[in-house]
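One structure is given here, and the rest of the page talks about it.
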Amino acid sequence: MRIYRFFSGQKWPAHVDRDGRYVLGDPKHGNLKHHKVNKVYASSEDEAIAYVRQGHSIWVKSVSSPVLVRDNLYIDGSQFT
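Below you can see the structure in the form of structure tokens.
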């Protein structure tokens, strides 16, 4: 787990869909980036990290269901956002 969100004292890993892809939101769609048609898929964690570095938000696991986030992200143990 190279990328995760640190929230409420826990590390929340990136969400992987049933096809094994990381799911991200494209920032060019603003408040609509969470819609299915605006999702971006990455086939590896490295590719997902590259998208996050370009400004994309990433879906991470949470208590109930995955959430799209851009804040409190860590990459390789260092805070990124």
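With the sequence shown counted from 1, adding 1 to any position gets you the numbering used here. Note that the Cβ used here is the ideal one computed from N, Cα and C, for glycine as well.
- Of the candidates 24, 25, 15, the residue whose Cα lies closest to the Cα of residue 77 is 15.
- Within the same chain, Cβ atoms closer than 6 Å to the Cβ of residue 46 are found at 3, the five residues on either side in sequence being excluded.
- One Cα belongs to residue 29, the other to residue 55, and the distance between them is close to 11 Å.
- Under DSSP, residue 79 takes part in a beta bridge, and its partners are 76.
- Taken atom to atom, the span from the alpha-carbon of residue 53 to that of residue 59 is near 7 Å.
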